[in-house]
Structure formats: C-alpha cells, structure tokens
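Report on the following structure.
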Amino acid sequence: MGNRTKRICGLLATLALAAQAQVQTRPQIDLTALDRGMAGPRTQLLVLGTVHLSELPAGFNPAALNGVRERLAAFKPDIITIEALPGEECELALRFPAKYGADYCAPTDAAKAATGLDIPAAMAEVNKTLKAWPAEPAPAQRRRLAALFLAANDRASAYVQWLQLPETERRADEHLNAAVVELLAKVATRNNEDFQLAARLAARLGLQRVYAVDNHTGDNIDVPDVKAYVQQLEAAWAAGRSELNEKEKQEQVLKQASDLLPLYRFVNDPEYLRILTDVNVREPMRAKSPEGYPQMFVAGWEVRNLRMVANIRETFRERRGARVLSIVGASHKPWFDAWLGQLQGVEIVDVAGLLK
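Note that the sequence shown covers residues -21 to -1, 1 to 335 in mature numbering (1 follows the signal peptide of the UniProt record, and there is no 0).
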C-alpha cells in the first residue's frame, strides 16, 4: 500500500470515528417531556388488572363485585375499554380464516337476521346512531341500538343498552327478535368481567357503550413445529413458578370470598405483578432454544400489547382530558401502565390508591 493510499485510509478512519463519536454524544430526545406545558386538561387513565371471572368457582355471585364497582364508579370514567375483540378484527378473521381461524369470534347470525346488517354495516350504523343520540332515548331506541351492537359483534355494549332499559321494556320488538332477546338473557348470566364489571359499570354511569380493544393479529406465531413450541414455552414458564405458585394459593382463597375487592387489591399489587411478569416474559427470554421459540412468544406478546394500547389511544383521540378506565387481564397491566404512560397528555392513575 502506497503512502498516499495509507493517508486516505487513515483520513477515512478518522472521519468514521468522528462521526461515531458525534452520534454517541448527540442528546436523545425525551419523548415523555414533549407534553410539558400542554394546553388544556390531561387524560386520566386508570388500568385495572382483573382475573377472568369465568375461572372463578361455581356459584359466583355478581354482587361480589359491588365493592370493586363502587371504587371504579368514584373514578367517574368517560370511557371504559375491555379485553375483547372488536368487530373490525372479527370481520378480518372472517375474510382470512386460513390465517386467523374459523372460530375467531362469536357468530352474529341472530343479530344479522334481526337487523339485516353484517358487521361493517352494523358498525357504521352504530356510529351514525350515537352521533344523533338523544339525552333521553326511548326504550325502542335502546332496543334498536342493542341489536346494532350485537350485529357489530359488540355484545358488551349491547348489554350496556339492555341494562338501561326498564325490566318491562326488556322484550322483543321489530328491532329485537326472540332469538336476540334470548341471547341477551344469556349474556346477563355469564361470568365475564366484560359484562359483570365493565358493562354494569357503564350502565350505572349512563354511558352508551364500552370499547373492545383486544388484538390477536400479531401473536399468531407461525412455527414449523407447534408441539415443540408449546413444550418449550411451558417449560420456560414452569422454570420460574415457585413464587407465583405461592401467590396463586393466596389468590384461590380470595376468589372464594363474598366480596372480591380484596382479590382485586391483590392482583393489582406491584409485587404480584412483578412475579407474574417474571414468569410470563423474563423466563421465556432466558430460555435456551435452538429455534428461539420462547422468545418468539414474547415478540408476539409485545405486538399484542402494542396494538391494544394503540386501540385504547384511539378511543380518546378526539376527547382531550377524558377519564379512561381500561379493564384488562392482570398480566397485561405492567405493559399498559408503561406504554400508555408514555403517550402525550396522559397521566396514569394509581389503581392501588383507588382500591383502598
């Protein structure tokens, strides 16, 4: 190599080092500080981690949730979100069953027969109806909106309307046929937090709906060996369950109580959430796998949570300063708190303080 070539190479190396140093010393932009001094009120967002009520012992009485509902009602949410699949995603699954499966969402056949509307048309009609919703709707208007929500694959919101009807008006008419009324009667008896907690709270507060924000479009892991994937993931979870096993024993006792407020305090406790998060994600990230299957699960888990957080953000996009309650399985709460808390103009409310 000649002297001139050496000088050129040396100069290029020096320039490269200088550029690298400049990149390393360039200050990072703090995105969490962009809303300092913002005009107008901030959104207050409360994330309630929940157990899945379907897993509670037989004989569960919805009245056991009265204490929890009282605390949540004191927050006075304008918007309530739930861990359920929205109509858009159900429609997507219907159009692409090879990817998402044929039994992705509950069927809407009965409501479609009553309204003549498929999911997209029903969703459009729901939005149109709510924009012109009167302060004091007639029972027939509520029955019609309930039918529209069912056709849009939004059973929880249909139940919100049903609950706000006088009992004598909970009947079939030109909007709700007998099959749809029977479906709503079954919804009323289901042990599901979407109905027994979120919908009942929404109706009590005079809200017209809840918002389904779950998403599974990004966690449908495509692997060549599903059996090995499941085995490796379950092994990773089992490796760190000693602390969680003890916590779950306490949880089972609390699930038997006639008042579930202590249970909700327990599953929203930061120490419980830390242990749950360690098992759910930390252990899979540490698990050794030639294929990386446990880490693939974590990637899908993150995609799901990111899309759920985006769906929640959409519910108050045009409602600056709204009070938002998000009811979600407790395992999601750490991600919701962290990522929702980074959004501009959003403050996370301490759920532990509210549940005291």
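Glycine included, each C-beta is placed from N, C-alpha and C at the ideal position. Quick caveat: nothing in here was measured; it's all calculated off a predicted structure.
*So, are the CB atoms of K153 and L127 less than 9 Å apart?*
On the sequence shown, position 174 is the one that residue 153 refers to. On the sequence shown, position 148 is the one that residue 127 refers to. Reading off the sequence, residue 153 comes out as Glu, not Lys. In this structure, E153 keeps its C-beta atom at 9 Å or more from the C-beta atom of L127.
_Within the segment 197 to 270, ranges of the alpha helix (DSSP H) (whole runs, at least 4 residues)_ = If we require 4 residues or more, the alpha helix (DSSP H) runs fully inside the segment 197 to 270 come out as 205 to 218, 221 to 234, 240 to 246, 249 to 256 and 262 to 265.
*Leaving aside the five residues before and after A319 along the sequence, list all residues of the same chain whose C-beta is less than 8 Å from its C-beta, in chain order.*
Position 340 of the sequence shown, counted from the first residue, corresponds to residue 319. The amino acid at residue 319 is misidentified as Ala; the sequence shows Leu. Spatial neighbours of L319 in its own chain (CB-CB distance under 8 Å, excluding positions within 5 residues in sequence) are listed in chain order as L24, V26, V288, I291, R292, S305, V325 and I327.
*For the alpha helix (DSSP H) holding V160, just list the boundary residues, first then last.*
Here residue 160 refers to the residue found at position 181 when the sequence shown is read from its first residue. In the DSSP annotation of this structure, the continuous segment of the alpha helix (DSSP H) that includes V160 starts and ends at A157 to T168.
*Nearest-angstrom Cα separation, counted from T60 out to S136*: Position 157 of the sequence shown, counted from the first residue, corresponds to residue 136. Position 81 of the sequence shown, counted from the first residue, corresponds to residue 60. So the alpha carbons of these two residues sit roughly 11 Å apart.
*Every unbroken alpha helix (DSSP H) inside the segment 94 to 123 [4 residues or more]*: Taking only runs of at least 4 residues, the alpha helix (DSSP H) segments lying wholly in the segment 94 to 123 are 98 to 110.
_Judging by CA-CA distance, which residue of V139, Y208 and G28 is the nearest neighbour of P241?_
Within the sequence shown, the letter at position 262 stands for residue 241. Measuring C-alpha to C-alpha distances from P241 to each of V139, Y208 and G28 identifies G28 as the nearest.
*Determine the direct distance from the alpha carbon of L239 to that of E115, and round the result to whole angstroms.*
The sequence position of residue 115 within the sequence shown is 136, counting from 1. The sequence position of residue 239 within the sequence shown is 260, counting from 1. Taking the straight line from one Cα to the other gives about 34 Å.
_Residues of its chain near F315, where Cβ-Cβ distance is below 8 Å and the 5 sequence neighbours each way are ignored_ = In the sequence shown, the residue the question calls residue 315 occupies position 336. The residues are V26, N284, M287, V288, I291, S305 and V307.
_According to DSSP, is R21 part of a helix, a strand, or is it coil?_
Here residue 21 corresponds to residue number 42 of the sequence shown, with the count starting at 1. Judged by DSSP in its simplified three-state form, R21 adopts coil rather than helix or strand.
*Would you kindly report the start and end of the unbroken beta strand (DSSP E) that includes E148?*
For the purposes of this step, residue 148 is identified with residue 169 of the sequence shown, where counting begins at 1. No beta strand (DSSP E) holds E148; DSSP gives it neither H nor E.
*Please confirm whether L186 and A52 have their CB atoms less than 9 Å apart.*
Residue 186 sits at position 207 when you count from the first residue of the sequence shown. Residue 52 sits at position 73 when you count from the first residue of the sequence shown. No, the pair does not count as a contact, with Cβ atoms beyond the cut-off.
_Sheet register partners of E326 (DSSP bridge)_ = What you label residue 326 is simply residue 347 of the sequence shown in a count that begins at 1. BP columns for E326 point to Q23.
*What number of angstroms, rounded off, separates the C-alpha of R149 from the C-alpha of L155?*
Here residue 149 corresponds to residue number 170 of the sequence shown, with the count starting at 1. Here residue 155 corresponds to residue number 176 of the sequence shown, with the count starting at 1. Going by the C-alpha atoms only, they are around 10 Å apart.
*G197 to G80, Cα distance in whole Å?*
Along the sequence shown, one-based indexing puts residue 197 at 218. Along the sequence shown, one-based indexing puts residue 80 at 101. G197 and G80 have their alpha carbons spaced roughly 14 Å apart.
*For L10, is the classification buried or exposed, using 16 other Cβ atoms within 10 angstroms of its Cβ as the cut-off for buried?*
The count along the sequence shown starts at 1 and reaches residue 10 at position 31. Classification of L10: exposed, given that the 10 Å Cβ count is below 16.
*Apart from the five residues just before and just after L44, which ones in its own chain have a Cβ nearer than 7 Å to its Cβ?*
Walking along the sequence shown from the start, residue 44 turns up at place 65. Taking L44 as the centre and dropping the five residues before and after it, the same chain places the C-beta of Q175, L176 and L239 closer than 7 Å to its C-beta, in chain order.
*Round the Cβ separation of V330 and N259 to the nearest angstrom and send it over; I've been treating them as touching at under 8 Å.*
Translated into the one-based positions of the sequence shown, residue 330 becomes position 351. Translated into the one-based positions of the sequence shown, residue 259 becomes position 280. Their Cβ separation, rounded to whole angstroms, is 19 Å, which puts V330 and N259 out of contact at 8 Å.
*From what residue to what residue does the beta strand (DSSP E) around L304 run?*
Start at 1 with the first residue of the sequence shown, and residue 304 comes out as number 325. Per DSSP, the unbroken beta strand (DSSP E) holding L304 starts and ends at R302 to G308.
*Should E172 and L333 be called a contact, given that it needs their Cβ atoms to be closer than 9 Å?*
Indexing the sequence shown from 1 puts residue 172 at position 193. Indexing the sequence shown from 1 puts residue 333 at position 354. No Cβ-Cβ contact shorter than 9 Å links E172 with L333.
*Tell me where the alpha helix (DSSP H) around I291 begins and ends.*
What you label residue 291 is simply residue 312 of the sequence shown in a count that begins at 1. Counting along the chain, the alpha helix (DSSP H) containing I291 begins and ends at Y272 to T294.
*Pull up the distance between the alpha-carbon of I58 and that of R299, whole angstroms please.*
The residue given as residue 58 occupies position 79 in the sequence shown. The residue given as residue 299 occupies position 320 in the sequence shown. In a straight line, the C-alpha of I58 is about 12 Å away from that of R299.
*Output the boundary residues of the beta strand (DSSP E) element that contains T60.*
Against the sequence shown, residue 60 aligns to sequence position 81. Its beta strand (DSSP E) spans residues I58 to I61.
*asked:* I need the straight-line Cα distance from K78 to A72, nearest angstrom please.
replied: On the sequence shown, position 99 is the one that residue 78 refers to. On the sequence shown, position 93 is the one that residue 72 refers to. Straight-line Cα distance between these residues: approximately 8 Å.
*For P313, which residues from the same chain have a beta carbon less than 7 Å from its beta carbon, with the 5 sequence-adjacent residues on both sides left out?*
Numbered from 1 along the sequence shown, position 334 holds the residue referred to as residue 313. Hits under 7 Å: L252 and T256.
_Whether or not the segment 265 to 272 and the segment 193 to 213 are in contact is what I'm after, with contact meaning three or more pairs of Cβ atoms, one per stretch, closer than 8 Å; do they touch?_
Yes, the segment 193 to 213 is in contact with the segment 265 to 272.
_V166 versus I8 - alpha carbon distance_ = Indexing the sequence shown from 1 puts residue 166 at position 187. Indexing the sequence shown from 1 puts residue 8 at position 29. Distance between the alpha carbons of V166 and I8: 48 Å.
*Given that a residue counts as buried once 16 or more other Cβ atoms are within 10 Å of its Cβ, and exposed if not, what is L17?*
Within the sequence shown, the letter at position 38 stands for residue 17. Inspection of the sequence shows that residue 17 is occupied by Met rather than by Leu. Exposed, by the Cβ-count rule.
*Confirm, please, whether the CB-CB distance from L142 to R188 is below 9 Å.*
Numbered from 1 along the sequence shown, position 209 holds the residue referred to as residue 188. Numbered from 1 along the sequence shown, position 163 holds the residue referred to as residue 142. At the C-beta level, R188 and L142 stay beyond 9 Å of one another.
*asked:* Is it buried or exposed, P145, if we count other Cβ atoms within 10 angstroms and call 16 or more buried?
replied: Residue mapping note: residue 145 aligns to position 166 of the sequence shown, counting from 1. Exposed, by the Cβ-count rule.
*Straight-line CA distance for A111 to N132?*
Counting from 1 along the sequence shown, the entry for residue 111 is found at position 132. Counting from 1 along the sequence shown, the entry for residue 132 is found at position 153. If I take the Cα positions, the gap works out to 21 Å.
*When the Cα of D204 is compared with those of R220, S268, G46 and N194, which residue comes out closest?*
Mapped onto the sequence shown, residue 204 falls at position 225. That would be S268, whose Cα lies nearest to the Cα of D204.
*Which partner residues does G28 have in the DSSP bridge list?*
The sequence position of residue 28 within the sequence shown is 49, counting from 1. In DSSP, G28 forms a bridge with V307.
*D316 lies in the alpha helix (DSSP H); which residues open and close that run?*
Residue 316 sits at position 337 when you count from the first residue of the sequence shown. According to the DSSP assignment, D316 belongs to the alpha helix (DSSP H) that extends over K312 to L319.
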